């Protein structure tokens, strides 16, 4: 059983039974029948998005424990927790969880600071395990005879003005110096459309906005593979670029992006991938130099990105299998208690 905001679509795509996540009656009815709850993946236990989001996921864990259902966290990045009361609630909830498979060292450190020392496995983002069998039904990328530079940015970030100014200047520079084709990835979100419209109006270079909201993650990875350089202001644009072996420059909106780039750069590759924070983009000269250097070294970075993908995919698979074996053993040994 899966909790979903659109149960019919979830059942159709994933071939699992799904229930409406906001229906208390359905949640209680099915939780009574549940043998095990897996909370994950992504960044569910954090209050950066909203306090209500954190409370919802903590509430699901509490509901499970009311009915004696063991809970495991898989594939999550824990935190950040910005409010003291939310940190208190999280610390109390962690004692109800049997074990954790987290996607970064930052999450391990936060769990340790909240008193969790055992029952933690550190893996990588489970998105690296996406099936590669599904192909995109169409190639929407323009000018296949040119190098392609893409940007995928969030609208709801601090320093938005500095991001738009720096990135649009960078796109101008690459188009003028290298005659690249520029594409801007957009979801169905009105916010996405707005920041891309602002980028388009801020640059003299022609920009093609491509709506990718209808694509599955696998199809999006297949599309990104044809990009030569990606400017990623989203975590999954960063991940999908590595999955596609694409040179990528990150623009951080959340510590989880910092964690990924830091761990990637600690893998011992001969090159490092850059990550910019909005407040650092005020100095546009350094940013433009970094972007141009990345474009000049794109073949070297492409090779490194492909190696990063192989390493993180292997880590994700190995640690997920370890976690599932561990859960199965503990669940079977403790099942009589529940």
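Numbering (the numbering used here), first residue to last: 208 to 545. By construction, the Cβ of each residue, glycine as well, lies at the ideal position given by its N, Cα and C atoms. Note that this is a predicted model, so its numbers are computed, not measured.
Contiguous alpha helix (DSSP H) assignments of at least 4 residues, all confined to the segment 214 to 264: 214 to 221 and 231 to 238
Whole-number beta carbon distance between residue 463 and residue 442, since they are thought to touch under 8 Å: Here residue 442 refers to the residue found at position 235 of the chain shown. Here residue 463 refers to the residue found at position 256 of the chain shown. Contact between residue 442 and residue 463 holds, since their C-beta atoms are separated by about 6 Å, short of 8 Å.
N-terminal and C-terminal residue of the beta strand (DSSP E) that residue 437 is part of: As a first step, residue 437 is located in the chain shown; it is residue number 230 there, counting from the start. That run of the beta strand (DSSP E) goes 436 to 439.
Beta-carbon spacing of residue 269, residue 300 below 9 Å: In the chain shown, residue 269 corresponds to position 62, counting from 1. In the chain shown, residue 300 corresponds to position 93, counting from 1. Contact: yes.
Beta bridge counterpart(s) of residue 331 as assigned by DSSP: Here residue 331 corresponds to residue number 124 of the chain shown, with the count starting at 1. BP columns for residue 331 are empty, so no partner.
Span separating the alpha-carbon of residue 241 from that of residue 316: As a position in the chain shown, residue 241 is number 34, starting the count at 1. As a position in the chain shown, residue 316 is number 109, starting the count at 1. Using only the alpha carbons, I get a separation of about 31 Å.
Buried versus exposed call for residue 437 [16 or more other C-beta atoms within 10 Å across all chains shown]: Taking the first residue of the chain shown as 1, we reach residue 437 at position 230. Counting Cβ neighbours within 10 Å, residue 437 comes out buried, since at least 16 surround it.
4 or more residues per run - each alpha helix (DSSP H) lying fully within the segment 348 to 415: 367 to 385 and 397 to 409
Span separating the alpha-carbon of residue 403 from that of residue 338: Looking up residue 403 in the chain shown gives position 196. Looking up residue 338 in the chain shown gives position 131. About 29 Å.
Through-space distance from residue 253 to residue 422, alpha-carbon basis: For this step, residue 422 is matched to residue 215 along the chain shown. For this step, residue 253 is matched to residue 46 along the chain shown. One C-alpha to the other measures close to 27 Å.
Which listed residue (267, 285 and 284) has its alpha carbon closest to that of residue 277: Here residue 277 is taken as the residue at index 70 of the chain shown, counted from 1. The shortest Cα separation from residue 277 among 267, 285 and 284 belongs to 267.
Residue 405 versus residue 398 - alpha carbon distance: Numbered from 1 along the chain shown, position 198 holds the residue referred to as residue 405. Numbered from 1 along the chain shown, position 191 holds the residue referred to as residue 398. If I take the Cα positions, the gap works out to 11 Å.
Inter-residue Cα distance where the pair is residue 500 and residue 375: Residue mapping note: residue 500 aligns to position 293 of the chain shown, counting from 1. Residue mapping note: residue 375 aligns to position 168 of the chain shown, counting from 1. Cα to Cα, residue 500 sits roughly 17 Å from residue 375.
Three-state class that DSSP yields for residue 502 in the structure shown: Numbered from 1 along the chain shown, position 295 holds the residue referred to as residue 502. Residue 502 falls in the helix class under three-state DSSP.
Secondary structure of residue 423, DSSP reduced to three states: The residue labelled residue 423 in the question sits at position 216 within the chain shown. DSSP places residue 423 in coil when its eight states are reduced to three.
Beta strand (DSSP E) segment containing residue 285, residue limits: If you number the chain shown from 1, residue 285 lands on position 78. No beta strand (DSSP E) contains residue 285, which DSSP labels as neither H nor E.
Simplified DSSP state of residue 268, which is helix, strand or coil: Taking the chain shown and counting its residues from 1, the one referred to as residue 268 is at position 61. If DSSP states are grouped into helix, strand and coil, residue 268 belongs with the helices.
Identity of the residue in 260, 456, 432 and 306 nearest residue 527 by Cα: Counting from 1 along the chain shown, the entry for residue 527 is found at position 320. Checked all of 260, 456, 432 and 306; the closest Cα to residue 527 is 306.
Beta-carbon proximity of residue 400 to residue 408, cut-off 9 Å: For the purposes of this step, residue 400 is identified with residue 193 of the chain shown, where counting begins at 1. For the purposes of this step, residue 408 is identified with residue 201 of the chain shown, where counting begins at 1. The answer is no: Cβ separation not under 9 Å.
Residues sharing a beta bridge with residue 458, DSSP: Taking the first residue of the chain shown as 1, we reach residue 458 at position 251. BP columns for residue 458 point to 483.
First through last residue of the beta strand (DSSP E) which encompasses residue 572: Summary: the structure shown does not reach residue 572, with the chain confined to residues 208 through 545, and so no result is reported for it.
Between the CA atoms of residue 532 and residue 377 - distance to the nearest angstrom: If you number the chain shown from 1, residue 377 lands on position 170. If you number the chain shown from 1, residue 532 lands on position 325. Taking the straight line from one Cα to the other gives about 47 Å.
Terminal residues of the beta strand (DSSP E) in which residue 210 lies: Taking the chain shown and counting its residues from 1, the one referred to as residue 210 is at position 3. Where residue 210 is concerned, the enclosing beta strand (DSSP E) stretches over 209 to 211.
Nearest residue (CA-CA) to residue 450, options 413, 364 and 335: Against the chain shown, residue 450 aligns to sequence position 243. Out of 413, 364 and 335, 335 has the C-alpha closest to the C-alpha of residue 450.
Those residues which DSSP pairs with residue 417 across a bridge: Taking the chain shown and counting its residues from 1, the one referred to as residue 417 is at position 210. Beta-bridge pairing links residue 417 to 392.
Cutoff 7 Å; reference residue 445; Cβ partners in own chain excluding five residues on either side: The count along the chain shown starts at 1 and reaches residue 445 at position 238. Cβ within range, chain order: 439, 455, 457, 464 and 467.
Cβ neighbours of residue 428 in the same chain (closer than 6 Å, five flanking residues each side left out): For this step, residue 428 is matched to residue 221 along the chain shown. Closer than 6 Å at the Cβ level, and outside the excluded window around residue 428, lie 447, 450 and 451.
Three-state class that DSSP yields for residue 276 in the structure shown: Here residue 276 refers to the residue found at position 69 when the chain shown is read from its first residue. Reduced to three states, the DSSP call for residue 276 is coil.
Touch test, the segment 326 to 333 against the segment 279 to 294, Cβ-Cβ under 8 Å, three pairs minimum: Verdict: yes, contact present.
Contact between the segment 254 to 261 and the segment 208 to 220 (3+ Cβ pairs under 8 Å): no
Buried/exposed call for residue 274, threshold 16 Cβ in 10 Å: Taking the chain shown and counting its residues from 1, the one referred to as residue 274 is at position 67. By the 10 Å Cβ count, residue 274 comes out exposed.
Secondary structure of residue 496, DSSP reduced to three states: Looking up residue 496 in the chain shown gives position 289. It is helical.
Minimum C-alpha distance to residue 478 - residue among 226, 314, 325 and 515: Translated into the one-based positions of the chain shown, residue 478 becomes position 271. With distances taken between Cα atoms, residue 478 lies closest to 515.
Chain-order list of residues whose beta-carbon lies under 7 Å from that of residue 382 (same chain, five-residue window excluded): Start at 1 with the first residue of the chain shown, and residue 382 comes out as number 175. Closer than 7 Å at Cβ, skipping near neighbours: 389 and 412.
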